[in-house]
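K.L.:
Numbering-wise (the working numbering), the sequence shown opens with residue 12 and increments by one.
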Amino acid sequence: MAEMSKAKYDHIVCAIRGRPANRNTVERAIELALEHHARLGFHLVIPEDFLEAAAPLMSPARTVFERLREMGEYILAVLCDEAHRRGVRHVDVHVHIGDVREELLEIARQSGAQVLVLGEPDPAHPRSIFTPESFREFVRELEQAGHLTVIAVPPESWIALE
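(1) Under 9 Å, do Ile57 and Leu127 count as touching if we go by C-beta distance?
(2) In whole angstroms, what separates the C-alpha of Ala73 from that of His101?
(3) Under 9 Å, do Leu129 and Ile27 count as touching if we go by C-beta distance?
(4) With 16 as the cutoff for other CB atoms within 10 Å, does Arg151 come out buried or exposed?
(5) Whole angstroms is fine: what's the gap from Ala124's alpha carbon to Leu116's?
(6) Taking the alpha carbon of Arg39 as the reference point, which residue from Ala94, Ala88, Leu79 and Phe146 has its own alpha carbon closest?
(7) Going by DSSP, name the residue or residues bridged to Asp103.
(8) Our contact map puts Val106 next to Glu84 with C-beta atoms below 8 Å; I'd like the distance itself, whole angstroms only.
(9) List the endpoints of the continuous alpha helix (DSSP H) containing His47.
(10) Whole angstroms are fine: how far does the CA of Leu87 sit from the CA of Ser139?
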């Protein structure tokens with residue numbers, strides 16, 4: 012979870028869940044990419060289980076997930092445009108639908124990045140899948156699985172960006 016100030020990164024990934032609080036996580040990833048002249052990958056992770064309670068009342072889940080993927084691709088296109096506007100030359104985007112823990116581990120393992128930027132859970136948010144302690148344990152697991160550094164953006168640094 013600690014940043015290595017002297018390291019040179021050529022590939023940084025940023026995992027988000029599509030919440031407004033992710034703005035500072037995105038901002039931190041863009042800053043790092045600019046600082047290191049690195050490639051930046053945005054990964055939007057949509058949990059597959061969030062529809063369980065509503066699914067019987069909705070149209071087939073596959074249709075709902077197709078629409079969510081389309082919305083996710085739009086969100087990522089906006090982030091990609093912002094990163095390019097700020098000066099990041101190489102940006103790629105990915106939408107993942109599945110178990111959040113498994114998807115994040117797969118991103119860590121398969122991305123080839125040296126850094127994964129993600130937001131810490133907000134203990135006040137009732138739907139967080141992590142407690143602060145389980146998040147710290149998961150960060151260690153991500154770092155080991157992906158042989159990378161995790162930079163976690165704390166909830167108290169989440170502010171509205173202009």
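Glycine residues also receive a C-beta, built at the ideal position from the N, C-alpha and C atoms.
None of these values were measured; they are calculated from a predicted model.
P.N.:
Based on what the coordinates show:
(1) Numbered from 1 along the sequence shown, position 46 holds the residue referred to as residue 57. Numbered from 1 along the sequence shown, position 116 holds the residue referred to as residue 127. Against a cut-off of 9 Å, the Cβ pair of Leu127 and Ile57 comes out as no contact.
(2) Residue mapping note: residue 73 aligns to position 62 of the sequence shown, counting from 1. Residue mapping note: residue 101 aligns to position 90 of the sequence shown, counting from 1. The question names Ala, but residue 73 in the sequence shown is Arg. Each residue's Cα considered, the two are about 32 Å apart.
(3) Counting from one through the sequence shown, the residue named residue 129 turns up at place 118. Counting from one through the sequence shown, the residue named residue 27 turns up at place 16. Against a cut-off of 9 Å, the Cβ pair of Ile27 and Leu129 comes out as a contact.
(4) Taking the sequence shown and counting its residues from 1, one reaches residue 151 at position 140. Exposed, because fewer than 16 other Cβ atoms sit within 10 Å of the Cβ of Arg151.
(5) Within the sequence shown, numbered from 1, the residue matching residue 124 stands at position 113. Within the sequence shown, numbered from 1, the residue matching residue 116 stands at position 105. Whole-angstrom Cα-Cα distance: 12 Å.
(6) Here residue 39 corresponds to residue number 28 of the sequence shown, with the count starting at 1. Arg39 has its Cα closest to that of Ala94, out of Ala94, Ala88, Leu79 and Phe146.
(7) Here residue 103 refers to the residue found at position 92 of the sequence shown. According to DSSP, which records beta bridges pairwise, Asp103 is partnered with Gly52.
(8) Here the question's residue 106 lines up with position 95 in the sequence shown. Here the question's residue 84 lines up with position 73 in the sequence shown. Indeed they touch by this definition, with Cβ atoms about 6 Å apart.
(9) Reading the sequence shown from its first residue, position 36 is the one you call residue 47. Taken as a continuous stretch (DSSP letters only), the alpha helix (DSSP H) holding His47 covers Arg34 to His47.
(10) Taking the first residue of the sequence shown as 1, we reach residue 139 at position 128. Taking the first residue of the sequence shown as 1, we reach residue 87 at position 76. Approximately 22 Å between the Cα atoms of the pair.
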